[in-house]
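Heads up, the thing below is written out as structure tokens.
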Amino acid sequence: MRQQPILTVNNLNISVSTPLAVAQPVREVSFTLQSGKVLGIVGESGSGKTLTCLSILSLLPENAKVELGNINFRNQNLLECSEEEIRQVRGKEIAIIMQNPMIAFNPVRTIESHFIETIRTHLPITKRQAKIMAVEYLEKMDLPNPRTVLKQYPFQLSGGMLQRVMIAITMSLNPSIIIADEPTTALDATNQLQVLQQLDKLKKEYNTGILLVSHDLRVVAQLADEVAVMYGGYIVEQAPVLELYNHPKHPYTRVLFESRFGLTRKKIQNDSPSSTSSINKENKCPYLDRCEDADHTCTNYNLEFVEFQKDHLVRCVKVLESIGD
Amino acid sequence: MKLKIKMRRMLLKHKLMIISSIIILGMIGLALFASFLAPNDPNFVDIAQKLQGPSSQFPLGTDHLGRCILSRLIFGTQTSLGTAILVMGLMMFISIPLGIFAGFIGGKVDYLFMRICDTLMAFPSFLLSLALVGILGPGLFNLILAMVLVQWVYYARVIRGMVLGVKEQNFIVAAKVCGTPKFIIIMKHILPAIISQVVVLVFMDIGGVILAISSLSFLGLGIQPPEAEWGMMINDSKPFFRNYPSLMLYPGIMIFIVVIAFNLFGEALKDALDIKRVGGGVE
Amino acid sequence: MSILVLKNIKKTYLLRNSVFEKRKSIEAVKNISLTLEHGVCLGIVGESGSGKSTLGKIILGLEKPDQGEVCFLGKNLHNLNSKELKELRQNLQVVFQDCYSAVNPRLTIGEIIAEPIRNYKRLSSVEEENQVQQLLKKVGLSPEDVHKYPSQFSGGQLQRINIARAIALKPKLIILDEAVSALDALVQIQILNLLAQLKEEFQLSYLFISHDIQAVNYIADCLVVMHQGEVVESLDDMEQLEQLEHPVSKKLLSSILPPFPKLF
Chain A
1 MRQQPILTVN NLNISVSTPL AVAQPVREVS FTLQSGKVLG IVGESGSGKT LTCLSILSLL
61 PENAKVELGN INFRNQNLLE CSEEEIRQVR GKEIAIIMQN PMIAFNPVRT IESHFIETIR
121 THLPITKRQA KIMAVEYLEK MDLPNPRTVL KQYPFQLSGG MLQRVMIAIT MSLNPSIIIA
181 DEPTTALDAT NQLQVLQQLD KLKKEYNTGI LLVSHDLRVV AQLADEVAVM YGGYIVEQAP
241 VLELYNHPKH PYTRVLFESR FGLTRKKIQN DSPSSTSSIN KENKCPYLDR CEDADHTCTN
301 YNLEFVEFQK DHLVRCVKVL ESIGD
Chain B
1 MKLKIKMRRM LLKHKLMIIS SIIILGMIGL ALFASFLAPN DPNFVDIAQK LQGPSSQFPL
61 GTDHLGRCIL SRLIFGTQTS LGTAILVMGL MMFISIPLGI FAGFIGGKVD YLFMRICDTL
121 MAFPSFLLSL ALVGILGPGL FNLILAMVLV QWVYYARVIR GMVLGVKEQN FIVAAKVCGT
181 PKFIIIMKHI LPAIISQVVV LVFMDIGGVI LAISSLSFLG LGIQPPEAEW GMMINDSKPF
241 FRNYPSLMLY PGIMIFIVVI AFNLFGEALK DALDIKRVGG GVE
Chain C
1 MSILVLKNIK KTYLLRNSVF EKRKSIEAVK NISLTLEHGV CLGIVGESGS GKSTLGKIIL
61 GLEKPDQGEV CFLGKNLHNL NSKELKELRQ NLQVVFQDCY SAVNPRLTIG EIIAEPIRNY
121 KRLSSVEEEN QVQQLLKKVG LSPEDVHKYP SQFSGGQLQR INIARAIALK PKLIILDEAV
181 SALDALVQIQ ILNLLAQLKE EFQLSYLFIS HDIQAVNYIA DCLVVMHQGE VVESLDDMEQ
241 LEQLEHPVSK KLLSSILPPF PKLF
């Protein structure tokens, strides 16, 4: 049974103007997110995944602009909101967790003052109540000695602890959606796992919808219910996680799956050239130059989604052919 | 290449920059071609013509000794601007090498350098210059000497801070590991990295230097008569302020325009080069 | 003869928090001894703060140890005059984690890669360009990239440029300080493959410092686990990785994400 989606992104196109040219790093991106579900977005740097996230909260850099499409949160079109309305949504309804927790904190203020200030800007409670809440949420994040942590300064905590504090602060406002943009990339392997476990716990306990963005398919695979693979600004494949794992259809997805090392010492063959500029001007398959299976049919492909199965969409003309056979 | 495009775009964007650069270029033009542009000899005294109003011969009138005010203003550009550029240049000549040296070598050298800076900077710099000129005696040379001796510390310290910021970058470490000699590292990696910030700093502060020179001249400690200088012109016109306020007004306006123009230009340059933080003014 | 021998290295940092507090000191590296043979890749794994990067800096001669000796090619690295040191430097290179800050944004790729060559050899500009172009080919970039600037490259390509600079003088040992940690998963494999290939071709030895035990496992021939400035466990045969016993090693192993979806 399908719930009503809490966040709908529909045909999102973003352009970025540089002194030399106008580029379109995000094209025709559509997805939906439900409460208590995790949507993973995988893609390499420059694939447009971060811009997509930022556009949801109108946090795009000055030179970037949403050209087309709409973003609906509940029944509100976020792209048409005023600055004040967006501010109401930010943090309280939709929260964002960034890659580098160190930058998000003011180094000269304690964790406690960060925590209390954030809670009190959104909720009408006293300092004392806010502090009790802070301790409670830090405990939920399995941080040892929450009271000591509150007295400390950001630089006294490790990256993993700081990221968990960040999640605790975010969660104290009980948002409906969390956008986690590379939440584990800046962290050590050991902390990575902990942060993922915490995110999972939150999803189950509070029924929060999570948009998990990463370059690492493994990270996304642990948590996501559904995965969207982005390449060159397009979502090239989208499917429930097990379906994607069992039947990766797009050549790029297959390369991603092949390049996970785990504990192998066997050399993985991977000669596909790294992308030079994944922003193409003409409307042709973004993966064309790197694709091993590409032939003349690909150049005429209009980039429409092919429905391989129910809920499994692929943007590759080869898949269309294979279904036809 | 990238910088050029950025600069061009910013230039068009920032009207302030255009206006201020026109003013600055105009001032420099005035200074360079003063002898062609000035209608009269600025130092020609004719008591019979004293304190005249504007006329075709003297477009802005004459002062208490019958000298042409417009000509004196134009020649004043030469002195004020020239001295300020000289002072700034000398300060940079001292403070760039010393700042880089202290910042790059670090350790005990840096510690010693910082203590000297702290000591010198504990005094208000203008008062210290004033005292120095007082001791050395008034005059253009002593004025320059006093200003440079007192204020180089400030710039050396700012430049040292810039170097410390660049020094931590990995490409400097990589250069060291490559076996690049220290001198080459400084010339090839450090200097190009800080030079745009230094240029901005110079432009933002040169207005302050002009002001300081005029202030010292106003107090009679700087440029000596009969040489034309704005600060001194204001000083000269003090006794006639009640009846002839324009005598004081003209050089005042000149100082005001130049200082504002340099500040705006520096500010716009800072934006154009996208420099986040640069030290404050001289005083 | 071993290429690198570390004997009882110690390094302590003094922290000056405030005038009123007692000075605290942090022992970043406590009594570490290691040996690295020719043509071997030694992996150093540990969590952040385990002192592995400090150790790398000491080996590079960028930090002086409080105690102990770093013997590189049989000479004590911290006991040389500047001429001998320069001579030795040729054989010791580094690749950093942050590929963006490791290249001077104001120089072209050609100038960046030529920097070490210029320091040791006198070449005409044509010879120099030839060498640089060959190095670029070696690391899988196009020779036409010589005149481009760093801002025109992606992270993976910049890391290739950093590697080209590191192998320019045909060194004996390269320190790889988290060299692939900041890259995308796909690019990591490509860079690791490149490093493995170059190691064979130039008979290089690597010191591969990382927090990611998988990357270490992929490329290293032997490994040590560091924790709070000490080596807590070492392994000579990577096939026995699963048999690491120390709790820190176990924790590192258990943190590996399985390659398949495992809904918690």
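Quick note, the sequences are listed as chains A, B and C, same order.
Note that the UniProt record's numbering has the first sequence beginning at 1, numbered continuously upward.
Note that the UniProt record's numbering has the second sequence beginning at 1, numbered continuously upward.
Note that the UniProt record's numbering has the third sequence beginning at 1, numbered continuously upward.
Heads up, the beta-carbon is just placed ideally off N, CA and C, and yes, glycines get one too.
If you're wondering where the values come from, they're calculated on a predicted model, not measured in any experiment.
query	result
Residue burial classification, Ser249 of chain C (beta-carbon count within 10 angstroms, cutoff 16)	buried
CB contact check: Ala189 of chain A to chain C, cutoff 8 angstroms	yes
Under 7 angstroms by beta carbon: chain C residues contacting Gly179 of chain B	Lys86, Arg89, Gln90, Pro116, Asn119, Tyr120
For Lys50 of chain B, three-class secondary structure by DSSP	coil
Test: Lys251 of chain C CB closer than 8 angstroms to a CB of chain A	yes
Below-8 angstroms beta-carbon distance, Ile279 of chain A vs any chain C residue	The pLDDT assigned to Ile279 of chain A is 49, lower than 50, so where the model puts this residue is not dependable, and the model offers no usable value.
Cβ pair count under 8 angstroms reaching 3, the region 254-270 of chain B against the region 204-211 of chain B	yes
Residue from C:Asn91, C:Asn193, C:Leu123, C:Lys11 whose Cα sits closest to the Cα of Gln228 of chain C	C:Lys11
Cross-strand partners of His312 of chain A (DSSP beta bridge)	A:Gln309
Bridge-paired residues (DSSP) for Tyr13 of chain C	C:Ile26
Where Glu226 of chain A meets chain C, residues with beta-carbon distance less than 9 angstroms	Here the premise fails: no neighbours, minimum Cβ distance about 11 angstroms.
Cβ-heavy atom distance, Asn142 of chain B to the ligand MN, below 7 angstroms	The ligand MN is not part of the structure shown, which contains no ligands of any sort.
Closest residue to Ala168 of chain C among C:Arg89, C:Met226, C:Met238, C:Glu239 (Cα-Cα distance)	C:Arg89
Three-way DSSP call (helix, strand, coil) for His211 of chain C in this model	coil
Cα-Cα separation, Leu98 of chain B to Leu120 of chain B	15 angstroms
Beta-carbon proximity list for Ile206 of chain B, same chain, < 6 angstroms, skipping 5 on both sides	Ala84, Met88, Phe262
Touch test, the region 2-10 of chain C against the region 58-70 of chain C, Cβ-Cβ under 8 angstroms, three pairs minimum	yes
Proximal residues of chain A, C-beta to C-beta of Glu47 of chain C below 7 angstroms	Asp188, Thr190
Backbone secondary structure at Val45 of chain B - three-state DSSP	coil
N- and C-terminal bounds of the beta strand (DSSP E) containing Lys65 of chain A	64-73
Beta carbon proximity, Lys167 of chain B to chain C, threshold 8 angstroms	no
Whether Gly48 of chain A touches Met230 of chain A by CB criterion (8 angstroms)	yes
Where Asn170 of chain B sits in the DSSP three-state scheme	helix
Listed by chain order, chain B residues near Ser101 of chain C by CB distance under 8 angstroms	Gln169, Asn170, Phe171
Whole-angstrom C-beta distance between Leu221 of chain B and Pro138 of chain B, which should lie under 8 angstroms	5 angstroms
With 16 other Cβ atoms within 10 Å as the buried cut-off, status of Ile167 of chain A	buried
Assumed close pair Ile172 of chain B, Val166 of chain B - CB separation to whole angstroms, cut-off 8 angstroms	7 angstroms
Test item: CB-CB of Phe115 of chain A and Ile169 of chain A under 8 angstroms	yes
Inter-stretch contact at 8 angstroms, needing at least 3 Cβ pairs: the region 125-139 of chain C / the region 8-20 of chain A	no
Cβ neighbours of Phe73 of chain A in the same chain (closer than 6 angstroms, five flanking residues each side left out)	Leu7
Cβ-Cβ separation, Asn77 of chain A to Asn70 of chain A (assumed contact under 8 angstroms), whole Å	5 angstroms
Per-residue DSSP class, three states only, for Leu288 of chain A	coil
Thr299 of chain A, buried or exposed, once every other Cβ within 10 Å from all chains shown has been counted against 16	exposed
Contact under 8 angstroms by Cβ, Ala224 of chain A with Leu212 of chain A	yes
Coil, strand or helix - Ser277 of chain A by DSSP	Its pLDDT being 47, under 50, Ser277 of chain A is placed unreliably in this model, and the value from its coordinates should be taken loosely. In the structure shown, Ser277 of chain A sits in coil (DSSP, three-state: anything other than H, G, I, E or B).
Reduced DSSP secondary structure (H/G/I, E/B, other) of Glu237 of chain A	strand
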